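In numbering that gives the first Met the number 0, the protein residues as written are 0 to 178.
Quick reminder that beta carbons are idealized off the backbone N, C-alpha and C, glycines included.
Small disclaimer: the values here were computed from a predicted structure and weren't measured.
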Amino acid sequence: MSDVLPLSHPVLVASLPDTGTTVKLAPDAATRAALAADFGIPGIPALTATVKLVPGSGGSVRVEGHVDAVVTQNCVVSLEDFDAPVSEDIDMHFVPGAELPEIRPGAEIDVSELDLPDPLIDGTVDVGAVVAEFLALGLDPYPRKPGVAFKGVEELPDSEASPFAGLAKLRGDSDKGGN
């Protein structure tokens with residue numbers, strides 16, 4: 000991913016009402032194309048997100064919502080492009096950097112019980128970056144076009160398994176067996 004975020008929508012946490020606010024995003028075609036390039040996929044024909052930000056104690060904020068998209072991916076079997084739906088729930092917690100627990104290098108931590116919040120950057124939550132992150136998490140790492148099946152390698156009899164058997168077939172010497 001690049002350093003410049005194609006989808007950015009910063010929200011200043013200090014400006015949030017006590018009841019929170021809802022942000023709806025529906026990026027334009029150019030932004031979706033930039034996101035697709037960032038993710039290394041052919042395209043994102045559709046993308047919408049609804050995200051609610053609710054302030055908490057100590058300057059923290061809870062971010063919840065949902066991302067719906069249609070992404071164009073390349074099938075790992077047929078190498079054809081196809082469209083696939085992505086639907087992801089968003090649930091994150093942000094706190095000021097000073098509120099994060101200190102983790103020292105070399106110290107043992109139990110990550111199964113530790114659900115660390117994300118740090119606020121300059122007192123803001125970039126809702127666009129959160130949406131992009133959850134969209135990326137929803138991408139199939141091995142996309143397969145519906146109806147496409149992988150056909151395994153065909154086992155050849157020993158007489159045809161020789162590397163020279165393929166050459167013999169190309170020359171038209173199939174009667175010699177290539178050995």
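- When secondary structure is reduced to three states using DSSP, E132 falls in the helix class.
- Inter-residue distance for A13 and E132 is about 23 Å (C-alpha atoms, whole angstroms).
- The residues V50, V62, E63, G64, H65, V66, V129 and F133, in chain order, have a CB closer than 7 Å to that of I89 in the same chain once the five nearest residues on each side in sequence are set aside.
- Collapsing the DSSP output to three states places G105 in coil.
- If you check the CB distance, P9 and V94 do not come in under 9 Å.
- Taking the C-beta atoms as reference points, D82 is found nearer than 9 Å to P44.
- In the DSSP secondary-structure assignment, P116 is not bridged to any residue.
- By DSSP's assignment, E87 forms a beta bridge with V66.
- Ranked by Cα distance from V126, the options D17, V85 and A25 are led by A25.
- A32 places its beta carbon 9 Å or farther from that of V70.
- Counting along the chain, T18 sits inside no beta strand (DSSP E), nor does DSSP assign it H or E at all.
- Cβ-Cβ distances below 7 Å link F149 to V76 in the same chain, with the five nearest sequence neighbours on each side left out; the list follows chain order.
- The C-beta distance from P142 to Q72 rounds to 4 Å, short enough to meet the 8 Å contact threshold.
- Between P54 and L15, the beta carbon gap of about 5 Å places them in contact (Cβ cut-off 8 Å).
- The C-beta distance from F38 to A135 rounds to 6 Å, short enough to meet the 8 Å contact threshold.
- Taken through DSSP and simplified to helix, strand or coil, F149 comes out as coil.
- Per the C-alpha coordinates, the member of M91, A28 and G96 positioned closest to D121 is G96.
- By alpha-carbon distance to T21, the top candidate from V147, L52 and K168 is L52.
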